[in-house]
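Q: Dumping the structure here so I can ask a few things about it.
Numbering (our numbering), first residue to last: 3 to 479.
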C-alpha cells in the first residue's frame with residue numbers, strides 16, 4: 003500500500019509599510035519612478051552615511067503586532083545581516099534577529115467549516131534591498147536602488163499550515179488586518195506583500211519534520227497555491243523513489259509551473275549577525291503601547307458582526323462588503339448620506355462587483371465617491387429615474403465618477419410622470435399590436451411584457467415600468 007504523506011508549511015511574509023519615506027532616510031517610498039531617483043547616500047550605502055530610524059515604521063509594526071495577538075518587545079534592537087549581493091548596497095541589511103519588535107502571536111483562519119489558529123513565531127522590522135533588472139538581450143544585470151531602504155516587516159509563522167487552502171486563508175487574513183490598519187496596501191503584484199513558502203512532507207502519523215525547502219518569487223495567491231502543489235508532489239516523488247530532499251532555496255516559475263534550485267539554504271550563522279552599531283535600542287513603554295491600542299480601527303470581524311445587526315445585512319453580503327476596507331468605507335459613507343444601507347449594499351454587491359470583474363480591478367482602485375453613489379440611490383428611490391436608466395448612470399459614475407444629478411439633467415433621463423403623455427403612447431402601442439392584445443386577453447401573461455417593452459421603447463426608457471404595467475392592465479380591461 004502506498005505511503006500517505008502530510009504537508010507541513012510555514013510562511014515568511016514580507017510587507018512593505020505605507021510610510022511616505024524610507025526606514026532610515028527621508029527618500030520617497032513611492033512605487034515606480036525612474037530608476038535610482040528615490041535615493042541618497044544612506045539608502046545607497048555610501049561610506050560615512052548614518053541611518054536614522056523612522057518612528058512611523060515602529061508604530062505600524064506595533065499596530066500589526068497588536069492586531070495579530072503578539073507580545074510587543076519592550077526593548078528591541080537592530081542587527082546587521084551580512085551578505086554580498088549587488089542589490090544590497092551596504093553589503094549588509096539592517097534587520098532584527100535577537101530582539102524583534104513582536105513575538106508569540108496568532109491569527110485565526112477558517113477553511114470550509116474548520117477554524118484554526120496559525121501561530122506567529124515573530125515579526126521583525128528591516129529594510130528592503132534594491133531590485134536587479136536582468137537584460138537578456140545584452141546578457142547584463144542593472145540595479146535600481148529606489149526600493150533599497152523601503153521599510154518592511156517580516157512576519158514568520160510557525161509550521162502550522164497543512165494545505166494550500168490554509169496558506170491562502172492565512173495570507174488573506176493577514177492582508178485584511180494590515181489593510182484595515184492602513185499599514186500597507188499589500189499589493190502582491192507590486193511586491194508590497196511577498197510570501198516565501200517553507201515546505202516539507204512527512205509520513206502521515208509521524209511527529210518529526212521532513213527536510214524543508216524554501217520557495218521564492220511568488221507574486222499572486224494563485225502562484226502560491228500552484229507552487230505548494232508542485233513542491234509537495236516533487237518531494238513525495240523523491241521520497242517514494244528512496245531519494246533525499248535537499249534543504250535549499252528554490253525559485254518558482256509560474257509560466258512553466260515548476261521550480262528550480264537557486265542556492266543551498268543558509269542558516270543564521272552564515273549571515274554573521276551582530277548588533278547594529280549605528281542605531282540605539284528602541285525602548286517601548288506602556289504608554290506608547292496604549293496609544294497605539296487606542297488608535298486601532300474597528301477590524302473586519304467586528305465590522306462584519308455589526309453590519310449584520312445594525313443594517314440587517316445577510317452574512318454573505320456582509321463578508322463581501324467587509325473583505326476590503328475600501329469597500330466597507332464606501333458602504334458606510336454612502337449609507338450615512340442617503341440613509342438606505344440596503345440599497346447601497348445592492349449597488350455594491352451587484353453592479354460594482356460586476357464592473358470590478360469586467361475591468362479586472364480591485365476595490366481599492368474604485369474612484370467614484372460615496373456622495374455620487376448616495377445621490378444615485380436617492381434619484382432611484384424618489385422615482386426621478388427608473389432602474390434601467392440608473393444602471394446606465396451608474397456605469398458613468400463607476401468609470402468617470404460622473405455627478406449623477408448633472409448627468410441625468412444633461413441627458414434628459416428623468417422618468418416621464420405625465421399621465422396624459424403616457425396614455426397617448428399606450429393607446430398607440432395597443433393599436434399597433436393587436437395580436438399581443440388578443441393573446442393577453444386570452445390569458446397569456448407574457449403578452450403584457452411585450453406591450454410594456456414596446457411602450458418603454460417608445461418612451462426611450464424614461465417611463466416607470468411599474469406605472470406602465472398598471473395603466474396597460476387598466477386599459478386592457
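Virtual Cβ for every residue (Gly too), placed ideally from N, Cα, C.
All of these numbers come straight from a predicted model, not from anything done at the bench.
Could you give the residue range of the alpha helix (DSSP H) that holds residue 337?
A: Per DSSP, residue 337 belongs to the alpha helix (DSSP H) from 327 to 340.
Q: For residue 48, count neighbouring Cβ atoms within 10 angstroms of its own Cβ and tell me buried if that reaches 16, exposed if not.
A: Residue 48 comes out exposed.
Q: Thinking residue 111 and residue 171 are a contact (beta carbons under 8 Å), I'd like their distance in whole angstroms, please.
A: Indeed, because the Cβ distance is near 4 Å, the residues count as touching under 8 Å.
Q: Hey, how far is the Cα of residue 14 from the Cα of residue 157?
A: Going by the C-alpha atoms only, they are around 6 Å apart.
Q: What are the boundary residues of the beta strand (DSSP E) that residue 97 is part of?
A: Here the beta strand (DSSP E) through residue 97 covers 94 to 97.
Q: Just to confirm before moving on: does the CB-CB distance between residue 449 and residue 442 stay below 8 Å?
A: Cβ distance < 8 Å, so residue 449 and residue 442 count as in contact.
Q: Please classify residue 50 as buried or exposed, where buried requires at least 16 neighbouring CB atoms within 10 angstroms.
A: Its Cβ having fewer than 16 others within 10 Å, residue 50 is exposed.
Q: Using the C-alpha atoms, what's the distance from residue 167 back to residue 31?
A: Rounded to the nearest angstrom, the two C-alpha atoms are 33 Å apart.
Q: Are the stretch 21 to 40 and the stretch 151 to 165 touching, with three or more C-beta to C-beta distances below 8 Å?
A: They touch, by the three-pair rule.
Q: DSSP three-state call for residue 276: helix, strand or coil?
A: Three-state DSSP puts residue 276 in a strand.
Q: Of the choices 381, 199, 404 and 117, whose alpha-carbon is the least far from that of residue 340?
A: Checking every option, the nearest Cα to that of residue 340 belongs to 381.
Q: DSSP state of residue 111, grouped into three classes?
A: Of the three classes helix, strand and coil, the one that applies to residue 111 here is strand, per DSSP.
Q: Would you call the stretch 94 to 107 and the stretch 66 to 79 in contact, with 3 or more CB pairs under 8 Å?
A: Contact holds: three or more Cβ-Cβ distances are below 8 Å.
Q: Name the residue from 409, 388, 306 and 394 whose alpha carbon lies nearest to the alpha carbon of residue 465.
A: Considering only alpha carbons, the answer is 388.
Q: Taking the straight line between their C-alpha atoms, what separation do you get for residue 247 and residue 16?
A: Those two C-alpha atoms are separated by around 26 Å.
Q: When DSSP labels each residue in this structure, what does residue 448 get in the three-state scheme?
A: Note: residue 448 maps to helix in three-state DSSP.
Q: In terms of residue numbering, what span does the alpha helix (DSSP H) encompassing residue 343 cover?
A: Taken as a continuous stretch (DSSP letters only), the alpha helix (DSSP H) holding residue 343 covers 343 to 348.
Q: Using CA atoms only, rank isn't needed, just tell me which of 229, 244, 218 and 316 is closest to residue 258.
A: For the residues 229, 244, 218 and 316, the minimum Cα distance to residue 258 belongs to 229.
Q: Here's the rule I'm using: 16 or more other beta-carbon atoms within 10 Å means buried, otherwise exposed. How should residue 184 be labelled?
A: With fewer than 16 Cβ atoms within 10 Å of its Cβ, residue 184 is classed as exposed.
Q: Would residue 332 pass as a contact of residue 320 if the rule is Cβ separation under 8 Å?
A: The answer is no: Cβ separation not under 8 Å.
Q: Please report the straight-line C-alpha distance between residue 330 and residue 444, rounded to a whole angstrom.
A: Looking at the two C-alpha atoms, the distance is approximately 51 Å.
Q: So what does residue 262 bridge to, in DSSP terms?
A: DSSP lists 253 as partners of residue 262.
Q: Would you mind stating whether residue 508 and residue 20 have Cβ atoms separated by less than 8 Å?
A: The structure shown does not extend to residue 508, since the chain is modelled only from 3 through 479, so no value can be given for it.
Q: Output yes or no for whether 8 Å exceeds the beta carbon distance between residue 176 and residue 199.
A: Contact: no.
Q: Are the beta-carbon atoms of residue 203 and residue 366 separated by less than 8 Å?
A: No, Cβ-Cβ distance for residue 203 and residue 366 is not below 8 Å.
Q: Assuming residue 8 is part of the beta strand (DSSP E), what are its boundary residues?
A: Counting along the chain, the beta strand (DSSP E) containing residue 8 begins and ends at 7 to 18.
Q: Compute the distance between the beta-carbons of residue 440 and residue 456, then report whether it is under 8 Å.
A: The answer is no: Cβ separation not under 8 Å.
Q: Less than 8 Å between the beta carbons of residue 428 and residue 357, yes or no?
A: Taking 8 Å as the Cβ cut-off, residue 428 and residue 357 do not qualify as a contacting pair.
Q: Let's see if you can read the secondary structure: which residues bound the alpha helix (DSSP H) around residue 374?
A: Element bounds for residue 374: 372 to 383.
Q: Can you give me the Cβ contacts of residue 435 inside the same chain, cut-off strictly under 8 Å, excluding the 5 residues immediately before and after it?
A: Contacts found: 452, 453 and 456.
Q: DSSP three-state label for residue 41, please.
A: Coil.
Q: Keeping to the same chain, check which residues put their C-beta closer than 8 Å to that of residue 240; ignore five residues upstream and five downstream.
A: Counting only Cβ-Cβ distances below 8 Å, and skipping sequence neighbours, we find 246 and 247.
Q: Does DSSP put residue 153 in a helix, in a strand, or in coil?
A: Note: residue 153 maps to strand in three-state DSSP.
Q: Can you tell which of 12, 44 and 18 has its C-alpha closest to the C-alpha of residue 280?
A: When each option's Cα is compared against that of residue 280, the closest is 44.
Q: Taking the CB atoms as reference points, tell me whether residue 409 and residue 395 lie closer together than 8 Å.
A: Going by C-beta atoms, residue 409 is nearer than 8 Å to residue 395.
Q: Please state whether DSSP places residue 183 in a helix, a strand or coil.
A: In this structure, residue 183 counts as helix in the three-state DSSP scheme.
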